[in-house]
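Numbering (our numbering), first residue to last: 16 to 159.
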């Protein structure tokens with residue numbers, strides 16, 4: 016299974032903020048740290064703010080801070096939220112699969128997808144920044 020770019024970035028933004036300490040990096044700084052376009056980072060930050068995973072303040076002294084909900088959020092739940100609940104394969108799209116009525120593959124892939132999510136459920140954003148990841152994240156910061 017391959018994650019959407021926005022899912023990957025959402026997890027990395029939360030992890031970056033989890034090690035920020037008292038600093039409040041801006042969306043632009045986080046985008047630079049993650050080497051992604053600012054516009055993409057801004058969309059992900061807006062969604063994370065809507066989900067109450069982070070606080071974003073504009074203007075002087077503003078920036079991004081991780082909320083407690085963001086720190087303790089289940090990685091599996093976050094991935095489900097960003098990925099949606101669709102199937103791994105599109106059996107009913109513009110060209111419906113002729114095997115649809117008797118296919119066992121769709122169910123097997125759904126079970127595999129749920130096993131993937133379930134393996135991420137017990138992990139929190141805080142867990143993801145334990146050493147050696149946390150110190151590495153601090154090292155890539157564009158801030159002095």
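Note that beta-carbon positions come from the ideal geometry of N, C-alpha and C, so glycine has one too.
- The segment 56 to 72 makes contact with the segment 19 to 36; the number of CB pairs closer than 8 Å reaches 3 or more.
- For residue 72, the enclosing beta strand (DSSP E) covers residues 69 to 72.
- Within the segment 44 to 130, the runs of beta strand (DSSP E) that reach at least 3 residues and sit entirely inside it are, in chain order, 69 to 72, 78 to 81.
- Note on residue 139: 16 or more other CB atoms within 10 angstroms of its CB, so buried under the neighbour-count rule.
- In the structure shown, residue 41 adopts coil according to DSSP, grouped into three states.
- Per DSSP, the continuous alpha helix (DSSP H) segment holding residue 148 begins and ends at 148 to 154.
- If you look at residue 17, you'll find it isn't in any alpha helix (DSSP H); DSSP assigns it neither H nor E.
- Less than 8 Å divides the Cβ of residue 103 from the Cβ of residue 128.
- Contact annotation, residue 94 with residue 22: C-beta distance approximately 6 Å; criterion of less than 8 Å satisfied.
- Taking 8 Å as the upper bound for CB-CB distance, residue 69 and residue 80 are in contact here, some 6 Å apart.
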